[in-house]
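Participant:
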Amino acid sequence: MEWRRVGSPTRQKIHQNPSPVKLIVIVTYDVMGIIVCHFVPHGKTVTVQYYRDFLVRQVRLVDSAIILHFQRKTR
Numbered sequence: 000m001e002w003r004r005v006g007s008p009t010r011q012k013i014h015q016n017p018s019p020v021k022l023i024v025i026v027t028y029d030v031m032g033i034i035v036c037h038f039v040p041h042g043k044t045v046t047v048q049y050y051r052d053f054l055v056r057q058v059r060l061v062d063s064a065i066i067l068h069f070q071r072k073t074r
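Mapped onto numbering that gives the first Met the number 0, the consecutive letters of the sequence shown carry residue numbers 0 to 74.
1. DSSP state of V58, grouped into three classes?
2. Please return the same chain residues whose Cβ sits closer than 8 Å to the Cβ of V45, not counting the five positions on each side in sequence.
3. Look up V26 in the DSSP assignment and say whether it is helix, strand or coil.
4. What's the C-alpha gap between E1 and K21?
5. Ends of the beta strand (DSSP E) at G32?
6. Please identify the residue among K43, C36 and H41 whose C-alpha is closest to the C-alpha of Q57.
Shown next as structure tokens:
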């Protein structure tokens with residue numbers, strides 16, 4: 000409630016409609032931070048089979064990648 004002068008206009012409330020979009024994200028992380036963020040396509044449900052296929056696909060990507068390590072010289 001606010002104090003107003005007599006005759007001053009009242010504040011208009013803006014009503015927001017909730018978005019009908021449902022967003023599902025699979026986040027893979029380790030102690031160093033986030034590794035992969037996978038956005039599930041609209042209309043898909045994450046089932047055991049979908050999650051298993053996701054993990055198999057990620058293992059293939061990691062195994063096929065060339066990972067470069069930067070090692071700092073210690074003094």
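In this text, a Cβ means the ideal position worked out from N, Cα and C, and glycines have one as well. None of the values given here were measured: they were computed from a predicted structure.
Facilitator: Taking the structure as given:
1. Translated into the one-based positions of the sequence shown, residue 58 becomes position 59. Helix at V58.
2. Start at 1 with the first residue of the sequence shown, and residue 45 comes out as number 46. If we look at V45 and ignore the five residues flanking it on each side, its Cβ neighbours are I23, I25 and V39.
3. Within the sequence shown, the letter at position 27 stands for residue 26. Of the three classes helix, strand and coil, the one that applies to V26 here is strand, per DSSP.
4. On the sequence shown, position 2 is the one that residue 1 refers to. On the sequence shown, position 22 is the one that residue 21 refers to. About 37 Å.
5. Residue 32 sits at position 33 when you count from the first residue of the sequence shown. Counting along the chain, the beta strand (DSSP E) containing G32 begins and ends at G32 to F38.
6. Residue 57 sits at position 58 when you count from the first residue of the sequence shown. Looking at the Cα atoms, C36 is the closest of the given residues.
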